[in-house]
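Order-wise, the sequence lines are chains L and W. Residue numbers for the first sequence follow the UniProt record's numbering, beginning at 1 and rising by one. Residue numbers for the second sequence follow the UniProt record's numbering, beginning at 1 and rising by one. Read through the structure below, which is laid out as structure tokens, and then see the notes.
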Amino acid sequence: MSGGPKLNVRVAEVVKVNDLITRFRFVARDGGLLPAFSGGAHTVVEMDDNGTRRLNPYSLMSDPEDRTGYEISVRRDDAGRGGSLYMHRHVRPGMDMVLSHPVNLFPLDNRARKHLFIAGGIGITPFLAMTRQLARFGGRFELHYATRNPALCAYGDSLKAAHGDRVHLYFDEQGDTLPLADLLSRQPLGTHLYCCGPKGMLNWVRSAAATAGWATHAVHFEEFTAPATGAPFAVTLERSGKTLTVGSTQSLLEAMEAAGVDAPYLCRGGACGQCETDVVRCDGRIDHRDHWLTPEDMATNTKIMPCVSRFEGRTLVIDR
Amino acid sequence: MTKTEFPPSIRSRPVYGELEPRAGIFHLIVADGEGADAVIALFAKAADAASMLAKSHILYTAGPNGTDEWDRIAALGAAQAQKAASVPTLLFRLARVLQDVQMGTQIYLTGTEGLMGQAERDIMALGFPHSDIQKEHRGSTVRRVQCVHCKGVTENVRTDPFQCSHCGLHLFVRDHYSRRLAAFQGVNIDAEDRGQVPPPVERFR
């Protein structure tokens with residue numbers, strides 16, 4: 001079965017953190033310990049939303065040393081495809097749910113002399129686990145966390161309380177800007193940079209790090225993004241002999257799953273490469289939204305990542 | 001031309017490129033012997049050599065074959081240029097320099113494999129990714145070899161096989177390289193038939 005073995009869990013706690021963010025704690029239904037994970041790992045949460053099966057990845061934010069439960073924080077996205085709304089409206093303590101095993105596509109590089117974390121909004125979640133992990137190992141880090149205002153600065157107070165001066169908070173509405181260029185120019189050799197936040201922030205940090213001459217392999221991004229919506233399109237699955245229509249709030253991967261096709265996947269966010277599929281014929285334009293394929297693969301339209309990418313045009317035939 | 005083309009080998013054998021100027025807040029350059037040619041070529045390629053020199057620190061020592069181009073390095077006019085008496089003393093100075101340099105520094109290594117490998121090892125140990133260190137081979141191809149039996153390292157190995165300078169075993173020089181040790185691996189050549197040692201061939205000059 002695609003996606004690997006599953007974890008049968010029960011919702012232990014649902015806590016409203018602020019107007020946009022709610023935290024969920026899951027424990028094993030059999031009362032045992034959950035598999036170990038490392039800071040930066042995510043889990044894919046399966047939801048049955050009135051017959052629509054949703055599988056959304058969320059970063060694990062709890063202490064990696066605590067195997068009695070996993071915690072995630074979900075930001076409500078009213079314009080999204082519906083996964084976050086489902087989590088906010090329907091998930092209650094006591095409910096049984098299914099999670100994937102943790103997968104880490106955003107790990108700490110433990111060879112680093114120092115870790116520099118840059119978070120925007122809900123992008124704070126992987127750093128909650130990473131800072132806990134480093135606090136135990138005695139690793140050196142600095143966290144710079146930007147949000148709109150103090151009310152939306154989830155976990156800002158607890159981070160400050162736990163890590164003091166190592167945590168710096170910035171509030172956009174108060175005109176505080178994260179002093180990125182300055183930060184990047186005064187880090188000792190061997191520092192690694194990690195960024196998780198909205199797309200605009202990722203691009204900002206990516207270009208600032210390149211301008212500042214930072215070593216490419218010392219800069220890490222949490223790349224996975226929820227699949228975005230788009231116009232419906234048709235696709236033919238050559239091996240399965242099926243032709244399907246991918247709905248506007250559905251991903252190609254979800255459409256294949258709904259049609260009973262067992263397609264491979266792992267992160268469901270365009271980062272891990274597991275769902276890479278060969279394109280047999282393409283008369284039109286593939287809207288590549290992943291972070292996996294090479295620019296050459298994208299330009300020649302020979303491969304597609306069904307978890308996030310879409311298509312516009314006449315015919316798309318894929319090898320599945 | 002002092003550049004060397006190495007024949008294709010196993011994946012473990014390091015390959016080297018050509019130094020290219022890259023944008024950075026600082027440029028740390030480590031060279032020995034004929035590596036001076038690559039350093040001069042590096043600045044010749046820079047769009048604005050004067051401003052790159054003003055942000056450069058060059059550490060230099062003579063090559064294992066005696067080539068000493070220090071005068072040409074000194075004449076470049078880098079913000080800092082220092083000549084070390086040997087590779088070990090250069091590495092001692094490098095360790096001090098590395099305490100102060102910041103991310104955004106570009107690192108360039110050129111010259112012999114022994115020097116580049118040891119500088120890379122020390123830089124890597126701080127957490128800097130080895131794949132972001134530029135390296136260009138110039139000059140002598142003598143090797144730094146670790147005896148896999150006694151773990152002793154012999155510098156400037158010229159022949160294959162050679163006799164370990166620590167335990168005296170006759171060692172076959174492999175292309176198997178350790179980035180962590182900055183050394184090729186030397187394996188006993190007469191382990192099965194004691195005394196059957198082929199005559200040494202000068203493979204590295």
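Beta carbons: idealized from backbone N, C-alpha and C, even for Gly.
By the Cβ test, the stretch 232-243 of chain L is not in contact with the stretch 150-168 of chain L, since fewer than three Cβ pairs between them sit closer than 8 Å. Listed along the chain, the chain L residues whose CB falls inside 8 Å of the CB of glutamine 80 of chain W amount to none; the nearest CB is some 16 Å away. Secondary structure remark: continuous beta strand (DSSP E) runs of at least 3 residues inside the stretch 16-80 of chain W, in chain order: 26-32 and 56-61.
DSSP, reduced to helix, strand and coil, places aspartate 109 of chain L outside both helices and strands of the structure shown, so it counts as coil.
Residue range 113-124 is occupied by the alpha helix (DSSP H) that includes isoleucine 123 of chain W.
Burial state of aspartate 37 of chain W is buried, judged by a 10 Å Cβ sphere holding 16 or more other Cβ atoms. Here tyrosine 194 of chain L is not near histidine 168 of chain L, since their CB atoms are 8 Å or more apart. Listed in chain order, the alpha helix (DSSP H) elements of length 4 or more contained wholly in the UniProt domain "2Fe-2S ferredoxin-type" (233-320) of chain L are 252-258 and 295-300.
Assignment of lysine 151 of chain W by DSSP, reduced to helix, strand and coil, places it in the coil class. Not flagged as an interface residue toward chain W: glycine 313 of chain L, since no C-beta distance is shorter than 8 Å. Look at leucine 169 of chain L here: in three-state DSSP terms it is strand.
Of the other Cβ atoms in all chains shown, fewer than 16 fall within 10 Å of the Cβ of glutamate 238 of chain L; this residue is therefore exposed.
Under the three-pair Cβ rule at 8 Å, the stretch 114-124 of chain W does not count as touching the stretch 40-54 of chain W.
Distance from the CA of arginine 320 of chain L to the CA of isoleucine 21 of chain L, rounded to the nearest whole angstrom, comes to 37 Å. Cα atoms of glycine 24 of chain W and glycine 313 of chain L: separation of roughly 44 Å, rounded to the nearest angstrom. Contact note: valine 101 of chain W reaches chain L through Leu189, using a C-beta cutoff of 7 Å and chain order.
If you draw a straight line from the Cα of glutamine 187 of chain L to the Cα of valine 74 of chain L, it comes to about 32 Å. Of W:Gly186, W:Phe26 and W:Gly195, the smallest CA-CA separation from serine 51 of chain W is found for W:Phe26. One thing to note: asparagine 65 of chain W has its Cβ no nearer than 8 Å to the Cβ of serine 165 of chain W. Along the stretch 116-142 of chain W, the positions whose C-beta sits under 9 Å from a C-beta of chain L are Ile123, Met124, Ala125, Leu126, Gly127, Phe128, Pro129, His130, Ser131, Asp132 and Ile133, read in chain order. For asparagine 203 of chain L, there is no enclosing beta strand (DSSP E); the enclosing alpha helix (DSSP H) covers residues 199-211.
Per DSSP, reduced to three states, the secondary structure at glycine 83 of chain L is helical.
Shown here, leucine 34 of chain L sits in coil according to DSSP, grouped into three states, outside any helix or strand. DSSP, read as helix, strand or coil, puts threonine 216 of chain L in helix. Not flagged as an interface residue toward chain L: arginine 180 of chain W, since no C-beta distance is shorter than 8 Å. Nearest C-alpha to aspartate 165 of chain L among L:Gln274, L:Arg140, L:Glu173 and L:Arg148: L:Arg140. At the C-beta level, leucine 90 of chain W and leucine 59 of chain W come within 8 Å of one another. Taking 8 Å as the threshold, the shortest C-beta distance from arginine 93 of chain W to chain L does not fall below it. DSSP lists L:Ala146 as the beta-bridge partner residues of glycine 120 of chain L.
Looking at the DSSP output, aspartate 96 of chain L sits in a beta bridge with L:Arg10. Closest by C-alpha distance to alanine 54 of chain W, out of W:Ala79, W:Ala62 and W:Ala46, is W:Ala79. Annotated as proximal: leucine 171 of chain W and valine 145 of chain W, with beta-carbon spacing under 8 Å.
Under DSSP, histidine 166 of chain W takes part in no beta bridge, so it has no partner. Identification of chain W residues near alanine 154 of chain L by a Cβ-Cβ cut-off of 8 Å yields none; the smallest Cβ-Cβ distance measures about 29 Å. In summary, no residue of the stretch 64-76 of chain W has a CB separated from any CB of chain L by less than 8 Å.
Serine 9 of chain W carries a coil assignment under DSSP once its states are collapsed to helix, strand and coil.
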